[in-house]
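Notes for the one structure printed next.
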Amino acid sequence: MPQPHPRTIAEFKRIGPPPFEGTTDPDVAEKWIDEMEKAFDVMECIEEEKLRLTTYMLQGSAYNWWKGEVRVREGRNFDTQDHFMRPS
Numbered sequence: 014m015p016q017p018h019p020r021t022i023a024e025f026k027r028i029g030p031p032p033f034e035g036t037t038d039p040d041v042a043e044k045w046i047d048e049m050e051k052a053f054d055v056m057e058c059i060e061e062e063k064l065r066l067t068t069y070m071l072q073g074s075a076y077n078w079w080k081g082e083v084r085v086r087e088g089r090n091f092d093t094q095d096h097f098m099r100p101s
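Converting from the sequence shown to this note's numbering requires adding 13 to each position, the first position being numbered 1.
The structure is reproduced here in structure tokens:
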């Protein structure tokens, strides 16, 4: 998967979408996803950039969850961006 161009990361930070640490409140999670999608629209991100930038914003328990999901699926072909938007 290609890395986002450094300009993309700098621009993304400047736009300032909030980090996500995980929550049991679906409204909070949905609001965070909406903020991320707005940033992606402004930046005209390609799918690979969306995945990298989304995982970049995960912190704490949310990042640990994502690392576990990736480990479980290592060696399997799956759409990580689609899976992220529909966590199990």
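Beta carbons: idealized from backbone N, C-alpha and C, even for Gly. Quantities reported herein were computed from a predicted structural model and do not represent experimental measurements.
I need the straight-line Cα distance from glycine 29 to threonine 21, nearest angstrom please.
12 Å
Thinking just about the alpha-carbon of each residue, which of Thr36, Met70 and Arg65 is nearest to the one in glutamate 48?
Met70
Spell out a yes or no on whether the region 72 to 90 and the region 33 to 48 are touching, meaning 3 or more CB-CB pairs, one atom from each, closer than 8 Å.
yes
What is the rounded straight-line gap between the Cα of glutamate 43 and the Cα of alanine 23?
24 Å
Which residues does DSSP pair with phenylalanine 33 in a beta bridge?
Leu71
Whole angstroms are fine: how far does the CA of glutamate 61 sit from the CA of phenylalanine 53?
11 Å
Could you spell out where the alpha helix (DSSP H) holding glutamate 43 opens and where it closes?
39 to 56
Through-space distance from leucine 66 to isoleucine 46, alpha-carbon basis
12 Å
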